[in-house]
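To keep things clear, I will list the structure first and then write my remarks on it.
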Amino acid sequence: MTSLFEEVHETAVGVPVRRVTITVNGERRTADVEPRLLLAHLLRQGFKLTGTHTGCDTTNCGACTVLVNGRPAKSCTMLAVQADGREVLTVEGLASASELHPIQEGFKEEHGLQCGFCTPGMMLTAKALLEENPNPTEDEVRWALSGNLCRCTGYQNIVKAVLWAAEKMRGSAQ
Amino acid sequence: MTLDEIKIGGMGASRRRVEDNRFIRGKGNYVDDVVLPGMLHMEILRSPVAHARIRSIDVSKAWEIPGVRLVLTGDMLATRNLAWMPTLSYDTQAVLATDKVRFQGQEVAAVIADDPYIAKDACEAIVVDYEVLPVIVNPDQARAAGAALIRDDKENQPDNKVFDWEVGDRSATDKAFAEADVVSEVELHYPRSHPSPLEPCGSIADFDRSTGKLTVYMTTQAPHIIRAAVALVAELPEHMIRIISPDLGGGFGNKVPVYPGYVVSILASILTERPVKWIEDKTGNLISTGFGRDVYLKGQMAVRKDGRILGVRMHTISDHGAFFSDAQPSKFKIGLMHSAFSCYDIPAAHLTAEGWYTNKAPGGVAYRCSFRVTEAMFFQERMVQAAADDLGMDQAEFRRINLVRDDDFPHRTPFGFLTDSGQYGKCLDVALEAIGYEQFLKDQEEARKKGRLLGVGISTMTEPLGAGNSREYDILGIKMFDSAELRVHMTGKAILRTGAKTQGQGHETTWAQIVAHELGIPADDIVVEEGDTDTAPFGMGTYASRSTPVAGAAVAMVSRKIRAKARKIAAHLLEVSEEDIEWELGRFYVRSSPDRGVSIQECAMAAYSNMPDGMEPGLENVAYYDPPNLTWPFAAYVATVEVDPETGVWDVLRMVAVDDCGVRINPMVVEGQIMGGLTEAYAMASMQFITFDAEGNCIGSNYMDYLLPTAWETPGFELHEVVTPCPHHPIGAKGIGECATVGGPAAFVNAVMNAVQHLGVRNIDMPLLPDRVHAAINTRSDISGAPPVRTDSP
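As you go down the protein sequences, you meet chains A and B in turn.
Sequential numbering of the first sequence, starting at 1, is according to our numbering.
Sequential numbering of the second sequence, starting at 1, is according to our numbering.
Below you can see the structure in the form of structure tokens.
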């Protein structure tokens with residue numbers, strides 16, 4: 001991490017740390033971490049990327065989903081050291097400086113979110129799906145999202161949002 | 001030219017949500033995202049056992065871990081008179097245990113450290129010596145002779161009973177039963193469930209000794225109630241307390257109560273003079289915070305041969321866990337259970353209720369419902385189906401005979417509520433037409449001949465949403481009204497604040513639409529803020545579907561106050577008397593000369609630059625709204641299912657929902673609420689429940705054991721609407737957020753029962769797990785979820 005001054009806790013003394021270098025949203029980041037530090041916590045507390053949420057701590061809810069080398073991973077049960085040398089995409093990296101990703105547009109357009117807590121994980125899982133399968137059926141979308149829980153929407157509009165994005169992405173790919 | 005209301009994002013516009021702009025970028029601001037300078041982290045040690053005396057707590061090893069700043073136990077809290085706190089139902093609840101632990105997961109100690117990992121390590125280093133006591137996990141055990149006394153901390157508490165309560169007319173009901181041709185009976189268990197918002201509970205307490213000000217960021221649906229509670233419990237001056245409820249990752253009633261973690265984090269910040277963050281993990285949330293339901297329901301219905309219902313008896317036995325901390329209006333011990341049967345014309349009804357302490361987590365929150373109405377409507381619709389079956393009458397026809405007619409409003413319900421509007425029969429007709437009811441019955445007949453089990457289930461209900469009026473509804477004596485404050489700036493832009501607190505319902509979008517409707521200011525020109533007690537007017541928060549009925553009404557009323565002042569300004573600008581002024585959306589004009597007019601924006605500028613002589617400057621106001629009555633939305637839900645007799649698995653073929661919630665502010669948002677509610681209804685009918693083994697271990701303490709439906713299981717929904725405006729709400733709206741959760745479960749369960757009743761099965765208790773359905777079909781008998789304790793674990 002780059003800062004002029006970083007407080008070193010007494011507690012860190014004697015605890016073995018590992019240096020990890022991770023490309024996060026296209027930017028190379030380096031940090032010294034305890035081996036037990038979870039990737040979600042490195043992203044949230046270390047890199048201040050709080051769009052990655054932790055919901056259940058047990059790999060069930062998927063709110064913490066990020067893409068590691070393009071594949072969805074639940075960062076609440078992945079160690080930061082396991083991401084060493086890899087590329088991580090979080091929700092903060094979805095939009096470009098000037099425009100939203102079509103999946104983000106789709107979620108807003110189709111009312112695919114309410115409280116917003118599951119949304120980052122949902123969108124990243126959807127991104128991985130659409131990269132592998134640009135023209136999914138409703139069932140394929142539902143299956144792909146089945147590792148991400150939502151308590152607000154009932155999923156119907158999330159599915160519509162992903163299909164909306166798929167159509168837009170196919171259109172712009174032509 | 002007249003403004004196009006839809007174009008300015010007014011009433012009826014499916015305006016895309018403004019809050020989404022931050023959520024889709026990962027820029028929401030939930031409690032765990034807040035970082036304050038010098039912040040410490042708190043972790044709570046919880047009891048592993050359900051009932052035990054605490055012999056000793058040894059925290060010395062925890063103190064030895066570097067980075068630990070403070071270790072707190074109940075004894076230390078007791079020296080400050082904080083070991084116990086009042087609940088929302090006039091009981092007491094332990095903050096950190098002193099004498100005993102009374103449920104698995106109860107808070108025993110807390111560690112405050114430099115980071116959450118250290119705090120967790122230190123919790124594991126605390127040694128607690130427990131003397132295990134007999135465990136009570138259901139009301140049957142609680143009332144048995146010689147049962148262990150759970151609340152031996154209380155004076156005048158000789159047994160485990162929490163309350164006895166009754167409502168209705170016993171003698172009139174007895175008379176109705178004496179005149180009945182048929183008496184039907186049902187006995188049900190509505191299992192314990194957990195609202196389980198994805199985001200668990202948490203707080204950051206920040207006490208500043210130099211100013212004496214306590215700021216608490218907190219996952220709360222009701223920040224002003226929390227401020228009052230902190231003032232009373234912690235004896236801090238209320239003006240020095242600021243509660244901020246930032247973005248909430250769902251609530252569903254779970255974030256209404258005051259939890260021990262909040263209180264301990266506040267004390268920890270006062271003691272350390274540093275900000276202290278506490279973020280509960282999912283297991284902590286599931287095993288210790290407000291649950292929903294856990295009620296045994298028994299009852300009878302007296303019916304005449306021609307299908308008329310003459311009377312109803314209900315008896316409820318509720319399990320409240322170790323502390324009676326139900327979040328509900330003070331007057332009613334079992335919430336609004338007596339709203340049951342409100343949509344039917346029934347002359348007599350009587351309800352008795354008993355509540356019991358058990359060694360389970362406390363709570364009894366309104367889990368996406370208006371105080372126990374979910375249990376009430378489930379019982380109602382299962383009872384109605386049973387009576388129709390006993391009469392040999394078609395279930396739709398039986399409902400049609402008994403539903404309150406359109407010309408019969410206002411209507412006094414069997415338990416004394418006053419309903420005011422509705423088109424119940426029409427809603428049912430729309431639903432039956434949509435599902436193709438007559439054809440389905442024929443298909444069902446044909447399928448049965450081939451051994452296939454098809455079923456259709458109906459649920460029709462009205463429910464009381466929008467507490468208060470304040471005459472009848474209060475929490476801890478605080479009357480249930482709500483508020484809105486509107487400040488129109490000189491350029492015609494505005495900021496609106498209310499006493500409600502959105503947690504996904506979209507207030508930032510929809511409140512602006514009400515202002516746009518009332519004033520013609522484009523919704524995009526209005527920013528909405530909620531959740532900060534230093535800036536928002538006092539209100540009771542968001543739960544029980546009360547925001548639109550109460551705070552939403554206040555938004556309309558404050559807009560009208562602004563309009564009344566703007567009219568005076570317009571008269572001044574147009575140099576005519578106020579009586580000569582007419583209003584159209586966004587503009588005042590001279591009646592005799594409609595071309596002469598001023599816009600609301602011009603009036604706003606004049607309020608700061610050219611007001612009439614003697615007029616107070618500015619264009620701001622606040623409105624407190626105390627509704628004259630609850631709002632009464634109606635819904636007809638019809639589900640069709642197919643049950644696989646080989647496996648007991650049932651699939652939803654179709655689910656049709658017809659909701660009449662009066663005028664819809666934002667149809668897109670309303671439909672989102674309905675679909676979310678239907679999903680929770682499906683969840684409870686099919687898989688979602690929390691149970692306990694005989695030792696009081698919570699089975700359902702994480703998402704591997706507590707099943708929630710995913711996108712894969714959740715069926716598709718077909719939505720329809722009927723609109724009967726609420727006669728007393730300023731914009732004709734009624735509550736909607738919870739209707740589908742309340743009315744939905746019975747539609748699914750009635751459908752499965754309809755598929756298997758010819759096999760001799762009348763009831764399977766929720767959730768309708770495949771093994772339960774399979775067992776019912778094979779044994780041709782009912783399956784109860786009631787004691788002896790059923791865990792459904794291998």
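By construction, the Cβ of each residue, glycine as well, lies at the ideal position given by its N, Cα and C atoms.
All of these numbers come straight from a predicted model, not from anything done at the bench.
### Task
Tell me whether Trp-278 (chain B) is buried or exposed, calling it buried when 16 or more other Cβ atoms sit within 10 Å of its Cβ.
Mapped onto the second sequence, residue 278 (chain B) falls at position 278. Buried, because 16 or more other Cβ atoms sit within 10 Å of the Cβ of Trp-278 (chain B).
### Query
Can Pro-725 (chain B) and Val-663 (chain B) be called in contact, C-beta distance under 8 Å?
Counting from one through the second sequence, the residue named residue 725 (chain B) turns up at place 725. Counting from one through the second sequence, the residue named residue 663 (chain B) turns up at place 663. Going by C-beta atoms, Pro-725 (chain B) is nearer than 8 Å to Val-663 (chain B).
### Task
Answer with yes or no whether the minimum CB distance from Ile-158 (chain A) to chain B is below 8 Å.
Here residue 158 (chain A) is taken as the residue at index 158 of the first sequence, counted from 1. Interface residue, yes.
### Task
Could you name the residues of chain B that Ala-63 (chain A) contacts, counting a contact when the two beta carbons are closer than 7 Å?
If you number the first sequence from 1, residue 63 (chain A) lands on position 63. Those are Leu-198, listed as they occur along chain B.
### Task
Please confirm if Leu-678 (chain B) has its CB atom under 8 Å from at least one CB of chain A.
Mapped onto the second sequence, residue 678 (chain B) falls at position 678. Judged by the 8 Å Cβ criterion, Leu-678 (chain B) is in contact with chain A.
### Message
Less than 8 Å between CB atoms is the rule here; does Thr-153 (chain A) satisfy it with respect to chain B?
### Response
Translated into the one-based positions of the first sequence, residue 153 (chain A) becomes position 153. Chain B, which has a Cβ nearer than 8 Å to the Cβ of Thr-153 (chain A), makes this yes.
### Query
Would the region 181 to 188 of chain B and the region 375 to 388 of chain B be scored as touching if the rule is three or more Cβ pairs under 8 Å?
When C-beta atoms of the region 181 to 188 of chain B are compared with those of the region 375 to 388 of chain B, three or more pairs fall below 8 Å, so the two segments count as touching.
### Query
Quick one, which of B:Gly-477, B:Glu-530, B:Ala-119 and B:Leu-403 has its alpha-carbon nearest Ala-229 (chain B)'s?
As a first step, residue 229 (chain B) is located in the second sequence; it is residue number 229 there, counting from the start. Selected option, being the one with the closest Cα: B:Gly-477.
### Task
Check Tyr-608 (chain B) in the structure and name its three-state DSSP category.
For the purposes of this step, residue 608 (chain B) is taken as residue 608 along the second sequence, with counting starting at 1. Here Tyr-608 (chain B) sits in helix by DSSP.
### Task
List the residues of chain A that Gly-504 (chain B) touches, going by C-beta distances under 9 Å, in chain order.
Residue mapping note: residue 504 (chain B) aligns to position 504 of the second sequence, counting from 1. Those are Leu-113, Gln-114, Cys-115, Gly-116, Phe-117, Arg-151, Cys-152 and Thr-153, listed as they occur along chain A.
### Beta-carbon contacts of Val-212 (chain B) that lie in its chain and below 6 Å, excluding the five residues immediately before and after
Start at 1 with the first residue of the second sequence, and residue 212 (chain B) comes out as number 212. Val is not the amino acid found at residue 212 (chain B); the sequence shown has Gly there. Excluding sequence neighbours, Gly-212 (chain B) sits near Met-240.
### Straight-line gap, Glu-124 (chain B) to His-51 (chain B) (C-alpha atoms, nearest Å)
As a working mapping, residue 124 (chain B) is identified with position 124 in the second sequence. As a working mapping, residue 51 (chain B) is identified with position 51 in the second sequence. Going from the Cα of Glu-124 (chain B) to the Cα of His-51 (chain B) covers about 20 Å.
#### Entry: Close beta carbons around Gly-9 (chain B), own chain, < 8 Å, minus the five adjacent residues each side
Position 9 of the second sequence, counting from 1, holds the residue named residue 9 (chain B). Around Gly-9 (chain B): Arg-15, Ala-512, Gln-513, Ala-516, Pro-522, Ala-523 and Asp-524.
### Task
For Thr-77 (chain A), I'd like the list of residues in its chain whose CB is within less than 6 Å of its CB, leaving aside the five on either flank, ordered along the chain.
For the purposes of this step, residue 77 (chain A) is taken as residue 77 along the first sequence, with counting starting at 1. The beta carbon of Thr-77 (chain A) sits closer than 6 Å to those of Thr-59, all from its chain and outside the five residues before and after it, given in chain order.
### Query
Which partner residues does Lys-100 (chain B) have in the DSSP bridge list?
If you number the second sequence from 1, residue 100 (chain B) lands on position 100. Under DSSP, Lys-100 (chain B) shares a beta bridge with B:Arg-53.
### Task
Could you work out which residue in B:Pro-727, B:Tyr-703, B:Ile-309 and B:Phe-717 is closest to Cys-56 (chain A) when comparing CA atoms only?
Mapped onto the first sequence, residue 56 (chain A) falls at position 56. Looking at the Cα atoms, B:Tyr-703 is the closest of the given residues.
### Task
Give the secondary structure of Asn-285 (chain B) by DSSP, where H, G and I count as helix, E and B as strand, and everything else as coil.
The residue labelled residue 285 (chain B) in the question sits at position 285 within the second sequence. In this structure, Asn-285 (chain B) counts as helix in the three-state DSSP scheme.
### Task
Using the Cα positions of Asp-4 (chain B) and Leu-94 (chain A), report the straight-line distance between them to the nearest angstrom.
Sequence index remark: in the second sequence, residue 4 (chain B) carries index 4 (1-based). Sequence index remark: in the first sequence, residue 94 (chain A) carries index 94 (1-based). Taking C-alpha positions only, Asp-4 (chain B) is separated from Leu-94 (chain A) by approximately 35 Å.
### Task
Just list the alpha helix (DSSP H) runs in the region 559 to 609 of chain B, keeping only unbroken ones of 4 residues or longer that don't cross its boundaries, in chain order.
600 to 609, all fully within the region 559 to 609 of chain B.
### Query
With 16 as the cutoff for other CB atoms within 10 Å, does Ile-309 (chain B) come out buried or exposed?
By one-based count along the second sequence, residue 309 (chain B) stands at place 309. Looking at its Cβ environment, which holds 16 or more other Cβ atoms inside 10 Å, Ile-309 (chain B) is buried.
### Through-space distance from Ala-683 (chain B) to Asn-135 (chain A), alpha-carbon basis
Here residue 135 (chain A) is taken as the residue at index 135 of the first sequence, counted from 1. Here residue 683 (chain B) is taken as the residue at index 683 of the second sequence, counted from 1. Approximately 30 Å, taken between the alpha carbons.
### Query
Where do the ends of the alpha helix (DSSP H) carrying Glu-375 (chain B) lie?
In the second sequence, counting from the first residue as 1, residue 375 (chain B) sits at position 375. Note, Glu-375 (chain B): alpha helix (DSSP H), 373 to 391.
### Message
Just to make sure I have the definition right: I need the residues of chain B whose C-beta is within less than 8 Å of the C-beta of Val-88 (chain A). Which are they?
### Response
The sequence position of residue 88 (chain A) within the first sequence is 88, counting from 1. The premise fails here: Val-88 (chain A) is roughly 13 Å from chain B at the closest Cβ pair, so nothing lies under 8 Å.
### Task
Just tell me which of B:Ser-89, B:Ala-122, B:Ala-119 and B:Ala-83 has its CA closest to the CA of Gln-106 (chain B).
As a first step, residue 106 (chain B) must be located in the second sequence, where it is residue number 106. Looking at the Cα atoms, B:Ala-83 is the closest of the given residues.
### As assigned by DSSP and simplified to three states, the class of His-758 (chain B)
Here residue 758 (chain B) refers to the residue found at position 758 when the second sequence is read from its first residue. Under the three-state reduction of DSSP, His-758 (chain B) is assigned to helix.
### Task
In angstroms with no decimal places, state the Cα-to-Cα distance between Glu-677 (chain B) and Asp-394 (chain B).
Translated into positions along the second sequence, residue 677 (chain B) becomes position 677. Translated into positions along the second sequence, residue 394 (chain B) becomes position 394. Per the sequence presented here, residue 677 (chain B) reads as Gly, with Glu not at that position. Each residue's Cα considered, the two are about 27 Å apart.
### At least three beta-carbon pairs within less than 8 Å, the region 535 to 551 of chain B to the region 494 to 507 of chain B
As far as the Cβ criterion goes, the region 535 to 551 of chain B touches the region 494 to 507 of chain B, which means the pair count is three or higher.
### Query
What's the gap between the Cα of Pro-139 (chain B) and the Cα of Thr-462 (chain B)?
The residue labelled residue 139 (chain B) in the question sits at position 139 within the second sequence. The residue labelled residue 462 (chain B) in the question sits at position 462 within the second sequence. For Pro-139 (chain B) and Thr-462 (chain B), the distance between alpha carbons rounds to 30 Å.
### Message
Checking 8 Å against the spacing of the C-beta atoms, do Gly-67 (chain B) and Asp-33 (chain B) come in under that value?
### Response
As a first step, residue 67 (chain B) is located in the second sequence; it is residue number 67 there, counting from the start. As a first step, residue 33 (chain B) is located in the second sequence; it is residue number 33 there, counting from the start. The answer is no: Cβ separation not under 8 Å.
### Length-filtered (4 minimum) alpha helix (DSSP H) runs lying within the region 149 to 232 of chain B
Given a length threshold of 4 residues, each whole run of the alpha helix (DSSP H) inside the region 149 to 232 of chain B is given here in chain order: 170 to 178.
### Message
As an exercise, report each continuous beta strand (DSSP E) stretch of at least 3 residues that is fully enclosed by the region 66 to 97 of chain B, in chain order.
### Response
At a cut-off of 3 residues, the continuous stretches assigned as beta strand (DSSP E) that sit fully inside the region 66 to 97 of chain B are 68 to 73, 84 to 86 and 92 to 94.
### Query
Using the beta-carbon count (16 or more within 10 Å), is Gly-106 (chain A) buried or exposed?
Taking the first residue of the first sequence as 1, we reach residue 106 (chain A) at position 106. Residue environment analysis places Gly-106 (chain A) among the buried positions, since at least 16 neighbouring C-beta atoms fall within 10 angstroms of its C-beta.
### Message
Less than 8 Å between the C-beta atoms of Lys-329 (chain B) and Gly-251 (chain B), yes or no?
### Response
Residue 329 (chain B) sits at position 329 when you count from the first residue of the second sequence. Residue 251 (chain B) sits at position 251 when you count from the first residue of the second sequence. Note that residue 329 (chain B) is Pro in the sequence shown, not Lys. Contact flag unset, no.
### Query
Along chain B, in chain order, which residues have C-beta atoms closer than 9 Å to that of Glu-109 (chain A)?
The residue you call residue 109 (chain A) lines up with position 109 of the first sequence. Using a Cβ-Cβ cut-off of 9 Å, Glu-109 (chain A) is close to Arg-16 of chain B, given in chain order.
### Query
Could you give the distance in angstroms between the alpha-carbon of Val-404 (chain B) and the alpha-carbon of His-411 (chain B)?
Position 404 of the second sequence, counted from the start, is the residue given in the question as residue 404 (chain B). Position 411 of the second sequence, counted from the start, is the residue given in the question as residue 411 (chain B). Our two residues, Val-404 (chain B) and His-411 (chain B), have alpha carbons roughly 8 Å apart in a direct line.
### Neighbour flag for Asp-32 (chain A) against chain B, beta carbons, 8 Å
Sequence index remark: in the first sequence, residue 32 (chain A) carries index 32 (1-based). Asp-32 (chain A) does not count as touching chain B.
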